[in-house]
Amino acid sequence: MSNRIIIMSYNPQEIEAKWQKIWDDEEAFEPSDSLTQKKKYILSMFPYPSGRIHMGHVRNYAIGDAIARYYRKQDYNVLHPIGWDAFGMPAENAAIKYKQHPKKWTYENIDYMKKELSALGLSFSKTREFATCDELYTRWEQEFIIKMHEAGLLYRESTTVNWCEECHTVLANEQVEEGCCWRCENEVQLKEMPGYYLDIIKYADELLDDLQTLEEKWPSQVLTMQGNWIGRSQGLEFDFELSPQSKAKLGGKFDKYTVFTTRADTIYGISYSALAAEHQIVKYIVENSLVEDKIAKKIVAMANASERDRIQADKEGYALGITVIHPLTGEEIPVWTANFVLASYGGGAVMAVPAHDERDFEFAHKYDLPIKRVICGGELPYIDEGLLENSAEFNAMKNTKAKEKIIAFMEQENIGKGKINFKLRNWGVSRQRYWGAPIPFVHCDSCGLVPEKIENLPVALPDDVEITGAGNPLDKHATWKYCTCPKCSKDAIRETDTLDTFVQSSWYQLRFATQPSKWHEVGIDKADVNYWLGVDQYIGGIEHAILHLLYARFFTKVLRDLGYHDIDEPFERLLTQGMVLMDGAKMSKSKGNTVDPDALVQKYGADTARLFTLFAAPPQKELEWNDSAVDGAFRFIRKLYDRKSKVEHRALVEIDQSTLSKESKTARVKVYEALQKSSNVYEKSFAFNTLIAACMEALNALDKQDDLGVWTEGIYIILNLLEPIIPHVANELSEELFDRENFKAVLEVKDEVFVKDSILYMVMIGGKKRAEVEVSANTSQEEILTAAKEAGAKWLKNMQIVKEIVVPNKLVNLAVKPKIGK
RNA sequence: GCGGAUGUGGUGAAAUUGGUAUACACGCUAGACUUAGGAUCUAGUGCCUUUGGCGUGGAGGUUCGACUCCUCUCAUCCGUACCA
680 MSNRIIIMSY NPQEIEAKWQ KIWDDEEAFE PSDSLTQKKK YILSMFPYPS GRIHMGHVRN
740 YAIGDAIARY YRKQDYNVLH PIGWDAFGMP AENAAIKYKQ HPKKWTYENI DYMKKELSAL
800 GLSFSKTREF ATCDELYTRW EQEFIIKMHE AGLLYRESTT VNWCEECHTV LANEQVEEGC
860 CWRCENEVQL KEMPGYYLDI IKYADELLDD LQTLEEKWPS QVLTMQGNWI GRSQGLEFDF
920 ELSPQSKAKL GGKFDKYTVF TTRADTIYGI SYSALAAEHQ IVKYIVENSL VEDKIAKKIV
980 AMANASERDR IQADKEGYAL GITVIHPLTG EEIPVWTANF VLASYGGGAV MAVPAHDERD
1040 FEFAHKYDLP IKRVICGGEL PYIDEGLLEN SAEFNAMKNT KAKEKIIAFM EQENIGKGKI
1100 NFKLRNWGVS RQRYWGAPIP FVHCDSCGLV PEKIENLPVA LPDDVEITGA GNPLDKHATW
1160 KYCTCPKCSK DAIRETDTLD TFVQSSWYQL RFATQPSKWH EVGIDKADVN YWLGVDQYIG
1220 GIEHAILHLL YARFFTKVLR DLGYHDIDEP FERLLTQGMV LMDGAKMSKS KGNTVDPDAL
1280 VQKYGADTAR LFTLFAAPPQ KELEWNDSAV DGAFRFIRKL YDRKSKVEHR ALVEIDQSTL
1340 SKESKTARVK VYEALQKSSN VYEKSFAFNT LIAACMEALN ALDKQDDLGV WTEGIYIILN
1400 LLEPIIPHVA NELSEELFDR ENFKAVLEVK DEVFVKDSIL YMVMIGGKKR AEVEVSANTS
1460 QEEILTAAKE AGAKWLKNMQ IVKEIVVPNK LVNLAVKPKI GK
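Read left to right, the first sequence gives residues 680 to 1501 (our numbering).
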């Protein structure tokens, strides 16, 4: 057969079009609605419809699709859906830039990307697809928000946001570049603004505790990150009473403030107290010129810096000229404002014990504040355990015990109490933007904040808006916000804030599980959700390790408690994939280092694109793009396709192992090694790269022999193993060679293939590899040692053997030292 | 700053979890076939001062034996709460 014909013979375009049509016609990937079959719910995180798919998507969906197809082959009822995370800022940015309506832009992008994805031959359920900007989706989300409000989980509060006075708009952190607005370069202000919050802290304990149920199922680093993020800590809360002079200085407006500490044991070591720059007392001092102008300006600048900038900056602070009274000793303690005290945690006020806290120490050192040691031990700051000193009646007590005792004592004296604090902050869900789900509330002069009536949902976005980037288009709309109060029917104002897009991605996994025929009647169906959830395998980028996954866990639990379903955790197993890089950098349009998946599919076909992305690196790792390696993936598929000529059609023959050549035996070993590997790869490790490598080795080994039976068996198994990865060509070959019978059977490993009659032992002397000996399988340890010493005689000259180690089937290690007297 | 990860040939990576470091693939070199080659096939390919020595970011340590365990350290990446 000439090479030219081989090249012509593998035609991915033709094969892929053929199979994609078959799958479409057969509706091959729609799950069954019977809720009794064994099931697998395989979900790759849904995409944001940015316009075109990128390699990160290809990777995400290639992984999910391989897993879904694997389980389908094992007769599971498989739910493998896709949808569109369709609200969000890029649509508004595009609207400003290209003068196109966000809705149009979004739905056009979805149409385009849908075509791109379908060219990859992904086995998605088509009937369950939706976009989160569909009013049918918004409708139910708004109902959930109203129910959460009824349950006391949604509240309104004022907080600081990034504000650009020029654009008259709130800026996301990513829209702030070096303290300035990304669009107009105006300096960004921090501004107080009311917003809606979901009380995730109420669920903090459950969210933390349930991480344990995910052990071994989620990557441990994600569990650690979430645990640290929730940041539960047990400590002491107490009030600092202002000294009489300070009360007077503050015009009698303040008596005291509350601080939280996890180090109650060090309370006798307090040498100052520090307040966040936005603390009410600091504000009062600045506004009433109780510090020098120069210092007031610095404090204002500090308050205006973002939290992250402040923490990253060097320690900075200013004495406020007031003092508080130590709750136990009655000493007067100076009060400072400091940039390392966060307004968002522990009330924005701390007691400072420089002797036993690194930050406090650094600050005290810089500003020459007193440092008082209260735990015996090493160099200051001393943060380890030890016995107390300078601590009145608690002296000589172990500090861990003193922690409890001091809290108990203060509770008894009614001057403090034990408290659990979380680093986790409540979830701000409102955004001053157009392209989001409207928050379904109305502001009524008589009734206050009133939820929209359920029967009036959805509160839909008006289409006729002008998006300029200045202000909130909903707020500026001529008529939209004017409405009547659902309660008293008087004139009222509609809420113009919309929901954070994380809200939509917090329940989509429940919506997918609900049969589409019910989508008009219910948001999520209890029986459906109880059957399909948790998601048996969730796949997505590591960048979502904290926020999205935590919010989705929280939302799922809340909906459970509101009676919508009975599931505790939405994602049973999680796989976090690494980024796709080019020349060591994240692919991005601005760097011009993108690879267009469309072009790749056109040139090589979807199977090659999928094979390459799974072969190039394990999914958990970053994937470095390499054009010529793609060629290699293509060559492997073509080679596999070509080898169909080696197969006896439709007939698996019985193989007599004893009659096979050495090469044929090796080939069988390689084939069965690949098979042996496969279930662990598809179900647990997801190291597709090693499975593909094993299949390549098997094919290479098959090529070195010519036994028809071994060839047939080899191709039969390899096609089965690779079908989830390269489904088009695998189905094509399997149909032609085996009537696709090899996809139906569960293949079993034949142990006799691995039986060896001799074993190669490596001989190490003094920890270095020196020789090899081949012995028959039942050789005794003594004989192996003798053989090893013989083989390594050269290195044993003048050496004394100190220790002999035999690792069965592997190696002999002889520990040696020079003979004395030589 | 804080939290989490990653680091192995020229490149992407593998290593049965403490037991022959570099499987598989890319690239490169040489050869074969060819009018031609961005095709295919064959052989070779960690590094060096090559009877040997050195090698898994760097420095120590534990062990008969370390990519794997421990301590310290450097670099890169992810997240850091209004990007998704």
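Ideal Cβ placement from N, Cα and C applies to all residues, glycine included.
Check your understanding: What are the complete beta strand (DSSP E) segments, minimum 3 residues, inside the stretch 1079-1135?
Key -> 1095-1101, 1120-1123, 1127-1130
Review point. In chain order, what residues of the same chain have a beta carbon less than 8 Å from the beta carbon of R1239, not counting five sequence neighbours either side?
Key: In the first sequence, counting from the first residue as 1, residue 1239 sits at position 560. Cβ neighbours of R1239 beyond the five flanking positions: D1245, I1246, D1247.
**Study point:** Nearest-angstrom Cα separation, counted from D1215 out to P1298
**Key:** The count along the first sequence starts at 1 and reaches residue 1298 at position 619. The count along the first sequence starts at 1 and reaches residue 1215 at position 536. Answer to the nearest angstrom: the Cα atoms are 17 Å apart.
Check your understanding: Around the C-beta of L1232, are 16 or more other C-beta atoms found within 10 angstroms, so that it is buried, or is it exposed?
Key -> Position 553 of the first sequence holds residue 1232. The amino acid at residue 1232 is misidentified as Leu; the sequence shows Arg. Looking at its Cβ environment, which holds 16 or more other Cβ atoms inside 10 Å, R1232 is buried.
**Study point:** Other residues of its chain near H828: CB distance less than 7 Å, five sequence neighbours each side excluded
**Key:** Residue 828 sits at position 149 when you count from the first residue of the first sequence. Counting only Cβ-Cβ distances below 7 Å, and skipping sequence neighbours, we find P1130.
**Study point:** Other residues of its chain near M680: CB distance less than 8 Å, five sequence neighbours each side excluded
**Key:** As a working note, residue 680 is residue 1 in the first sequence. Confidence is the limiting factor: at M680 the pLDDT is only 31, short of 50, which leaves the residue's position unreliable, though a coordinate-based value still follows. Result list for M680: S1324, in chain order.
Check your understanding: What three-state label does DSSP hand Y755 in the structure shown?
Key -> Here residue 755 is taken as the residue at index 76 of the first sequence, counted from 1. If DSSP states are grouped into helix, strand and coil, Y755 belongs with coil.
Review point. Using the rule of at least 16 other Cβ atoms within 10 Å of the residue's Cβ for burial, across every protein chain shown, is G757 buried or exposed?
Key: Counting from one through the first sequence, the residue named residue 757 turns up at place 78. Correcting the residue identity first, residue 757 is Val in this sequence and not Gly. Classification for V757: buried.
Check your understanding: For D744, which residues from the same chain have a beta carbon less than 6 Å from its beta carbon, with the 5 sequence-adjacent residues on both sides left out?
Key -> Taking the first residue of the first sequence as 1, we reach residue 744 at position 65. These residues qualify, in order along the chain: L801, S802.
Exercise for review: Apply the 10 Å Cβ neighbour rule to V1486 and answer buried if 16 or more other Cβ atoms are within range, or exposed otherwise.
Suggested key: What you label residue 1486 is simply residue 807 of the first sequence in a count that begins at 1. Result: exposed.
Review point. Sorry if obvious, but does the Cβ on A927 come closer than 6 Å to a heavy atom of the ligand MG?
Key: The ligand MG is absent from the structure shown, which contains no ligand whatsoever.
Exercise for review: Note down, one range per segment and in chain order, each beta strand (DSSP E) of at least 3 residues found wholly within the stretch 1404-1487.
Suggested key: 1437-1444, 1447-1455, 1478-1486
Review point. Quick one: what's got a C-beta closer than 6 Å to G1048's C-beta in the same chain, skipping five residues either side?
Key: As a working mapping, residue 1048 is identified with position 369 in the first sequence. Gly is not the amino acid found at residue 1048; the sequence shown has Leu there. When the five nearest sequence neighbours on each side are left out, the beta carbons in the same chain lying within less than 6 Å of the beta carbon of L1048 are those of S950, Y951, in order along the chain.
Check your understanding: Excluding the five sequence neighbours on either side, which residues of its own chain have a C-beta within less than 7 Å of the C-beta of D1418, listed in chain order?
Key -> Taking the first sequence and counting its residues from 1, one reaches residue 1418 at position 739. So the list reads R1329, once near-sequence residues are dropped.
Exercise for review: Pull up the DSSP beta-bridge partners for Y1495, would you.
Suggested key: Position 816 of the first sequence, counted from the first residue, corresponds to residue 1495. Reading the sequence as shown, one finds Val at residue 1495 and not Tyr. Answer is I1480, bridged to V1495.
Point to revise | Residues that DSSP places opposite I1172 in a beta bridge | key: Taking the first residue of the first sequence as 1, we reach residue 1172 at position 493. In DSSP, I1172 forms a bridge with H1122, Y1161.
Check your understanding: With 16 other CB atoms within 10 Å as the buried threshold, where does I732 fall?
Key -> Taking the first residue of the first sequence as 1, we reach residue 732 at position 53. Classification for I732: buried.
Exercise for review: Mind checking which residues open and close the alpha helix (DSSP H) that includes C843?
Suggested key: Start at 1 with the first residue of the first sequence, and residue 843 comes out as number 164. According to the DSSP assignment, C843 belongs to no alpha helix (DSSP H) but to the beta strand (DSSP E) extending over 833-843.
Practice item. Give the DSSP-derived three-state secondary structure of D704 in the structure shown. Key: Taking the first sequence and counting its residues from 1, one reaches residue 704 at position 25. In this structure, D704 counts as helix in the three-state DSSP scheme.
Review point. Can you tell which of G910, K1236, L890 has its C-alpha closest to the C-alpha of L902?
Key: Translated into the one-based positions of the first sequence, residue 902 becomes position 223. Checking every option, the nearest Cα to that of L902 belongs to L890.
Point to revise | Exposure of Y1361, with buried meaning 16 or more beta-carbon neighbours within 10 Å | key: Sequence index remark: in the first sequence, residue 1361 carries index 682 (1-based). That one is buried.
Check your understanding: With a cut-off of 8 Å, do at least 3 Cβ pairs link the stretch 934-945 to the stretch 910-923?
Key -> yes
Point to revise | Straight-line Cα distance separating A1081 from D944 | key: Within the first sequence, residue 944 is the residue found at index 265, counting from 1. Within the first sequence, residue 1081 is the residue found at index 402, counting from 1. Taking the straight line joining both Cα atoms gives about 5 Å.
Check your understanding: Under the DSSP definition of a beta bridge, which residues are partnered with S912?
Key -> Working through the first sequence from its first residue, we reach residue 912 at position 233. Answer is N1100.
Review point. For C812 versus A765, is the C-beta spacing smaller than 7 Å?
Key: Translated into the one-based positions of the first sequence, residue 812 becomes position 133. Translated into the one-based positions of the first sequence, residue 765 becomes position 86. Yes, these two residues count as a Cβ contact at 7 Å.
Check your understanding: Ordered along the chain, which non-local residues of its own chain (more than five positions away) have a Cβ less than 8 Å from that of I685?
Key -> Indexing the first sequence from 1 puts residue 685 at position 6. The pLDDT assigned to I685 is 38, lower than 50, so where the model puts this residue is not dependable; a value taken from the coordinates is nonetheless given after this. Answer for I685: R1317, D1321, listed in chain order.
Practice item. Give the straight-line distance between the Cα atoms of A980 and G1000, rounded to the nearest whole angstrom. Key: Walking along the first sequence from the start, residue 980 turns up at place 301. Walking along the first sequence from the start, residue 1000 turns up at place 321. Cα-Cα distance, rounded: 19 Å.
Check your understanding: Exposed or buried, what is F1433 when buried is set at 16 or more other beta-carbons lying within 10 Å of its beta-carbon?
Key -> Looking up residue 1433 in the first sequence gives position 754. By the neighbour-count rule (16 or more Cβ atoms within 10 Å), F1433 is not buried but exposed.
Review point. Got a sec? Which residues, its chain only, sit under 6 Å from V1208 by beta carbon, not counting five neighbours each side?
Key: Numbered from its first residue, the first sequence carries residue 1208 at position 529. Contacts found: L1189, A1192, H1244.
Check your understanding: Whole beta strand (DSSP E) runs in the stretch 939-1013 with 3 or more residues, listed along the chain?
Key -> The qualifying runs are 951-954, 996-1004.
Exercise for review: Tell me whether K1323 sits in a helix, a strand or coil according to DSSP, three-state version.
Suggested key: Numbered from its first residue, the first sequence carries residue 1323 at position 644. Residue state, collapsed to three classes: helix.
**Study point:** Under the three-state DSSP convention, the category S1185 falls into
**Key:** For the purposes of this step, residue 1185 is taken as residue 506 along the first sequence, with counting starting at 1. Reduced to three states, the DSSP call for S1185 is coil.
Review point. Among residues of its own chain, excluding the 5 on either side of E866, which ones have a beta-carbon nearer than 7 Å to its beta-carbon?
Key: For the purposes of this step, residue 866 is taken as the residue at position 187 of the first sequence. Excluding sequence neighbours, E866 sits near G858, C859.
Review point. Is the Cβ-Cβ distance between A883 and L1103 less than 7 Å?
Key: Within the first sequence, residue 883 is the residue found at index 204, counting from 1. Within the first sequence, residue 1103 is the residue found at index 424, counting from 1. Cβ atoms of A883 and L1103: closer than 7 Å.
Review point. Buried or exposed: V1053, going by 16 or more other Cβ atoms within 10 Å of its Cβ?
Key: Indexing the first sequence from 1 puts residue 1053 at position 374. Around the Cβ of V1053, a 10 Å sphere holds 16 or more other Cβ atoms; the residue is buried.
Check your understanding: Is it buried or exposed for T1175, if we count other Cβ within 10 angstroms and need 16 for buried?
Key -> Within the first sequence, numbered from 1, the residue matching residue 1175 stands at position 496. Buried, because 16 or more other Cβ atoms sit within 10 Å of the Cβ of T1175.
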